[in-house]
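Below is one structure; the comments refer to it alone.
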Amino acid sequence: MADFKYKDLPQEQQNKLDAAVFRRLLEHLDSNKDVQNIDLMILAGFCRNCFSKWYKAEAETAGLDLDIDDARERVYGMTYDEWKTNHQPKATPEQLAAFEARQAKK
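The opening residue of the sequence shown carries number 2 in my numbering; numbering runs sequentially from there.
Structure below.
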């Protein structure tokens, strides 16, 4: 297999790869529901809600009027209310403190 740079790929192929990676990331997050949004925010500075907002923003850039709830359902694989009820426990004091510490660094 020859070495190549992603920049050498046609834009259509780059878009297909980007989309496949996005779907794979969503599958990974869906398979790891125990990883809480606050933990993602503490460690990486983004979470599923961020992805939902980015999804909505990109839809708007493309001229689509996508509702944030629809964007959340795409990212979470269920409604946001279902997610909160079934998979989102209340943040611990330790998580909140770590989140606040990260926010203070900004």
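Glycine included, every Cβ here is placed at the ideal spot set by N, Cα and C.
Rounded to the nearest whole angstrom, the C-alpha separation of T86 and N38 is 14 Å.
One alpha carbon belongs to K91, the other to F100, and they sit about 14 Å apart. Here the region 47-55 lies against the region 68-78, with 3 or more beta-carbon pairs under 8 Å apart.
In the DSSP assignment, M42 falls within the unbroken alpha helix (DSSP H) covering 38-45. Assignment of L30 by DSSP, reduced to helix, strand and coil, places it in the helix class.
Between K8 and H88, the CB-CB gap reaches or exceeds 7 Å. In the structure shown, the three-state DSSP call for D19 is helix.
Assignment of Q12 by DSSP, reduced to helix, strand and coil, places it in the helix class.
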